[in-house]
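Student:
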Amino acid sequence: MSFNNKMFDLIVTTYVLNLLVSYSSTSTVTIDVDKHYLKHNQLIDYMNELHQKYPNLVQLSSIGKSVQHRDLMTIKVTNNVSQVRPLLKPMFKYVANIHGNEALGRHLMLVLAKYLCENYGSDKRVTKILDTTEVHLLPSVNPDGFESAKEGDCYGATRQSGRQNANNVDLNRDFPDQFMKPEAIGQRQPETLAAMTWIVSNPFVLSANLHGGLVVASYPYDDSRSHAISGHKSPTPDNTLFEHLAITYSQKHKTMKNGSVCLDDSFTNGITNGAEWYDVSGGMQDFNYVHSNCFEITLELSCCKYPHESELPNEWLNNKESLLTYIENTQMGVKGIIRDSLTDKPLEGAVINIAGIDHNVSTTNRGEYWRLAMPGVYIITASATGYEPMIKKDVVIKDSSGTNPVVVDFKLNPIGGIRYPSENTPESEAEVSDDNHRKLDQSSTTSVAPLEGQHRDYGFVSGHNLTETNDFLTKTDYKHHNYTELKEYLQKLNAKYPQMTRLYSIGKSIDDRDLYVLEISVKPGIHRPGVPEFKYVANMHGNEVIGRELVLLFAKYLLENYGSDDKITNLVNTTRIHLMPTMNPDGYERSLLGDCSSGYGRGNAHRVDLNRNFPDQYMTYKENRVQEKETLAVMKWIQSLPFVLSANLHGGSLVANYPYDGNVEQRNGIYSKTPDDVLFKHLALVYSLNHATMHLGKSCPKDCGIMNENFTYGITNGAKWYALYGGMQDWNYLHSNCFEITLELGCRKYPYESDIKMFWNQNKKPLVTFMEEVHKGVKGFIVDTDGKPVPNATIRVEGIAHDVQSATDGDYWRLLLPGFYQITAFKKGFGSQTQKIRVTYGLATQTNFTIVNDGIHGRVVDENGLGISNANIYIENIDHKVYTTDSDGNYRIPLFDGKYVFNIDADGYWPSTKMVTISTDRDNLFVIDMLSDTRIAGIPRSVFVIICGSAMLTVLVVSLCVYNILMQQKYKKKGFQRIGDDDEEELEEKASNDKPYIDVKKYKDVSSSSEDELYNVHQWDKNQL
């Protein structure tokens, strides 16, 4: 990125650029800087004292003045400080005290200056730093605020606290911001203008801004377009590099790496993205990155903003190693000089671009550039107005410590002038060396360019020797194979290597030909937990045949080199490989040798284009409304195995094509990104840059293939090239865990046999290197709390809207580029677990997850709906474990999908048996009803009540009977008889004679047992007595 000249001019007209002031000591006082804070006048005295003592190492200057006219003093510390900076010696800066009451950084700058000076010449490390780097220290951007700040004030944020400048402005909110409306230069504070001028007028390479109030390393961006208050990560195109810089400081700090030094802090590895922590608009670190060549991070160094002096010696010890190590990072990456190829004059303002990273740096007035970058292999382009761009490929950066900086010089050809050999011409030689100008051996490097976006991969040096000789142990015929020959070829390989291969068919074609797949593995036929599955699919279009032959050769190559070639042996040992030479055997049989671009044999036996026949997210139309037999077989195959990575081999052009193939607009030429767009670019580049010619991106020749197709670095987004719907690569990504790209391997669809060996030599290296990518990213197992695998669990990466699922054994793989990620594993019916992980440049990071199996849950209740505590639940045919309800009757049992028989018992309730079906597609909530056990003496309550009632009734009846009998016996002698008509006359006669007495013995009624009659007799008898 070139400097913003308009901004620079405005700044210059508003402010005096680089006011250089030399100060002579006005005091002989010697101050103990190690243990005390220095006020502004003391600071100037101390800096002058340091300059006088070390004139060859120290130079002082003022970059401007504060509101209250205090000088903003800087200390330049380097060897031969008064001389012109040597070419390619980078400039580094530390800036402190932008918030006046955050005082520790101000103090550390003075102690650091003293330490560097005192140890130069005696300490090898310090000597190397000052010999190779120009160190600039700005102890205070806000001296006015510092003067009003109070020692021991840990939390102050008001004007009185000294945080703001004398105009009550927070200087770390006063810089131009990319996401905010620009403000006029004159509205900015003098301290801000001075800092901006200093930054854009000097080629600083690396910087840190020292703060206080927490302990963490924060990296750009500090804000986002949405300006979410917090929690919204806002990555730069150099996100991985910034994470590395932040973690470099954090890990060397005594306590910062813990991530939880201060109250309520929780920073993984002691670092954070600025905006993710909290949104800051107008910050200085973002201004550095957006408006200059400088990479800056922010360092929060103490929990208390203004620690007591007694803590200063210990704080120096906490930060010393970090401060030195961070300076050394200035040397990492690549640097060089860009010159005119004819005059050899340096070119000012030339631009350096690393392929795939949307952030450039520009050259100084002496043609110098420095580009920080992580270890990897890069494509670097230099360009300048009026000159032809020049590309350097395979630029290898070996480490991130800065111990061996790489020098890459460029000589640009003026447009229309005499050409200087460049990497765009055959006679080119890359001028790449380290600082000792040793040529780098690039004979075995892979060309993996870093990519734009949140996370990037930087490529790896491949030590695998993929030369043309000794590819095979046995005689190899480079020829075409029809269906019968192909079948015999595969069967012979399978018979020769039975312990390493399995030949199987995934289905039949329309004409009843088998769709063969050759599996290569140390345990064929078995998915080994933790081992990823990879596939190559060829000949989807029957007349695009070179992929078919390459897959056959590749199978032979892997098998014959197993055990003798370490890389191939390791790849086969750690990968389950599936090779499908032909998906369209019927179409192949109708194809024509030498065909360049016709449609003969392209479709299957139904003349259907199989790469338009898959279900599509954007369109259902004639070609994909009904799936063909071959398509259905492949779809079933893809979903039956946990494939991680794949490529679909085609012909007719020369390019690596990545999803999406279609777009919502249904128009050609419109880029259609997947959520993993950056990763797909990387995968495409892995193949293209390792291919002998694909990376050149050249058009097919006039006599064969499509002309005027030029692909940058030999890759393209599918829809950007031309939109198609129903393609296989999109279906893989959307309906499985598999990441697939499409490889167009040559301009002629059906090349002649004489060209097959050439195709093999061009493709054998990328075929191996692309397969190695299956082992990148993150992998692991998902288990429940009992250690049982959890299949079909979801793995979600924060910020990437594409999930993958775990396999049958709970194993998973998620391809990712190097960087820091937050990953969550979850499954319906289970809990979730989230972890923050770091993906490195090597093999996949092993990260396992344990999630709680929710299984089935619910309550055990009585007939009134009240929970039953301490109910016991037994599961038939599972184990002998007993699950017990809590005090409210709740239970939770970890179980997988299926049908189960529950036996439930509880004191005071009838035992119960329930059949339950568990499915992760729903909430498995089951309420189990139990009936109260009302048995008495072992007899059901209802029966007991009936028995007791019957017994009581029986007793009552018997009692009445006995009573009646007794009463009859008692009154037997006093009984009466029923009288007839004659007796009535006698009775009336006796009554008329006023006889007081009737002989009751003569009249008795032995037939009546009426209680009333008995009672009446009894009463009558009493009255007569």
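Heads up: the sequence shown at position 120 corresponds to 120 in the working numbering, and the numbers run straight through without jumps. The C-beta atom is built at its ideal place from N, Cα and C for all residues, glycine as well. Bear in mind the structure is a predicted one, so any value in this text is a computation, not a measurement.
Can you grab the Cα-Cα spacing for the pair T885 / S912, in whole Å?
Tutor: Straight-line Cα distance between these residues: approximately 14 Å.
Student: Given this structure, state the Cα-to-Cα distance separating I946 from G867, to the nearest angstrom.
Tutor: Cα to Cα, I946 sits roughly 30 Å from G867.
Student: Can you tell me where the alpha helix (DSSP H) holding Y46 begins and where it ends?
Tutor: Run containing Y46: 40-53, per the alpha helix (DSSP H) assignment.
Student: Exposed or buried, which one is V901 when buried takes at least 16 other CB atoms within 10 Å?
Tutor: Label assigned to V901: exposed.
Student: Is it true that the segment 593-600 meets the segment 549-563, where meeting means three or more beta-carbon pairs spaced less than 8 Å apart?
Tutor: As far as the Cβ criterion goes, the segment 593-600 does not touch the segment 549-563, which means the pair count is below three.
Student: Measuring only the C-alpha atoms, how far is N761 from V407?
Tutor: Cα to Cα, the separation comes out at about 32 Å.
Student: Does the separation of the CB atoms of L57 and Y115 fall below 8 Å?
Tutor: Going by C-beta atoms, L57 is not nearer than 8 Å to Y115.
Student: Would you mind sorting G283 into buried or exposed? The rule is 16 or more other CB atoms within 10 Å of its CB.
Tutor: Buried, because 16 or more other Cβ atoms sit within 10 Å of the Cβ of G283.
Student: Could you name the residues that DSSP lists as bridge partners for W813?
Tutor: In DSSP, W813 forms a bridge with K779.
Student: Report yes if the C-beta distance between N624 and G726 is below 8 Å; otherwise report no.
Tutor: Yes; because the gap between Cβ atoms is below 8 Å, this pair is in contact.
Student: Buried or exposed: where does Q729 fall if 16 or more other Cβ atoms within 10 Å of its Cβ makes it buried?
Tutor: Q729 is buried by the Cβ-count criterion.
Student: Give me, in chain order, the residues of the same chain whose beta-carbon lies closer than 6 Å to that of A807; leave out the 5 immediate sequence neighbours on both sides.
Tutor: If we look at A807 and ignore the five residues flanking it on each side, its Cβ neighbours are P642.
Student: Three-state secondary structure (DSSP) at Y221?
Tutor: Note: Y221 maps to coil in three-state DSSP.
Student: Could you have a look at N424 and say whether DSSP puts it in helix, strand or coil?
Tutor: Low per-residue confidence applies at N424: pLDDT is 37, beneath 50, and the placement is therefore not dependable, though the value from the model is reported in the following sentence. If DSSP states are grouped into helix, strand and coil, N424 belongs with coil.
Student: Under a three-way DSSP split, which group does H464 fall into?
Tutor: Any answer about H464 is weak, because its pLDDT of 41 lies below 50 and its placement is not dependable; what the coordinates show is given next. Here H464 sits in coil by DSSP.
Student: Using DSSP's beta-bridge definition, name the partner residues of Y909.
Tutor: Y909 is bridged to S932.
Student: Would you mind giving the Cβ-Cβ distance between D34 and P307, rounded to the nearest angstrom? I have them listed as a contact below 8 Å.
Tutor: Actually they do not touch by this definition, with Cβ atoms about 14 Å apart.
Student: Does the Cβ of E544 have 16 or more other Cβ atoms within 10 Å, making it buried, or fewer, making it exposed?
Tutor: Burial call: buried.
Student: I'd like the list of long-range same chain contacts for H464, defined as Cβ closer than 6 Å, with 5 residues on each side in sequence excluded.
Tutor: Bear in mind that the predicted position of H464 carries a pLDDT of just 41, short of 50, making it unreliable; the figure below should be weighed with that in mind. So the qualifying residues of the chain are K567.
Student: Check whether the segment 149-165 touches the segment 90-102, taking contact to mean three or more Cβ pairs, one atom from each stretch, closer than 8 Å.
Tutor: As far as the Cβ criterion goes, the segment 149-165 touches the segment 90-102, which means the pair count is three or higher.
Student: Helix, strand or coil for M91, going by three-state DSSP, please let me know.
Tutor: M91: strand per DSSP, three-state reduction.
Student: Taking DSSP as the reference, what is the three-state secondary structure of F179?
Tutor: It is coil, neither helix nor strand.
Student: Cutting at 7 Å between CB atoms, please list the residues of its own chain near R188, excluding the five before and the five after it.
Tutor: Contacts found: D174.
Student: In chain order, what residues of the same chain lie with their CB nearer than 7 Å to the CB of D144, ignoring the 5 residues before and after it?
Tutor: Result list for D144: S66, V67, Q68, R70, G100, N165, A166, in chain order.
Student: Does DSSP classify R106 as helix, strand or coil?
Tutor: Reduced to three states, the DSSP call for R106 is helix.
Student: Report the residue from K398, R941, L649 whose alpha carbon sits nearest the alpha carbon of M374.
Tutor: It is K398.
Student: Buried or exposed, going by whether 16 or more other CB atoms sit within 10 Å of the CB of Q285?
Tutor: Result: buried.
Student: Specify the secondary structure class of G1026 as computed by DSSP and reduced to three states.
Tutor: As displayed, the chain neither begins before 1 nor continues past 1025, which places residue 1026 out of reach and without an answer.
Student: Ordered along the chain, which non-local residues of its own chain (more than five positions away) have a Cβ less than 6 Å from that of T381?
Tutor: Cβ neighbours of T381 beyond the five flanking positions: N353, P389, I391.
Student: Please look up how many angstroms separate the CB atoms of C154 and K254, rounded, as I've assumed it's under 8 Å.
Tutor: No, C154 and K254 are not in contact; Cβ-Cβ is about 20 Å, not under 8 Å.
Student: Taking just the CA atoms, how far does E49 sit from S25?
Tutor: In this predicted model, S25 has a pLDDT of only 35, less than 50, meaning its place in the structure is not dependable; the value taken from the coordinates is given anyway. Spanning the two alpha carbons is a distance of roughly 7 Å.
Student: How long is the line joining the alpha carbons of T127 and F849, rounded to whole angstroms?
Tutor: Cα to Cα, the separation comes out at about 47 Å.
Student: If you check the beta carbons only, do L559 and M500 fall under 8 Å apart?
Tutor: Their beta carbons are under 8 Å apart, which means L559 touches M500 by this criterion.
Student: Which two residues bound the contiguous alpha helix (DSSP H) that contains K65?
Tutor: Per DSSP, K65 belongs to no alpha helix (DSSP H); it is in the beta strand (DSSP E), 58-65.
Student: Per DSSP, what kind of secondary structure is Q68 in: helix, strand or coil?
Tutor: In this structure, Q68 counts as coil in the three-state DSSP scheme.
Student: Could you check whether the segment 653-669 touches the segment 691-700, counting it as contact only if at least three pairs of C-beta atoms, one from each stretch, sit closer than 8 Å?
Tutor: Contact between the segment 653-669 and the segment 691-700 is present, because at least three Cβ pairs lie under 8 Å.
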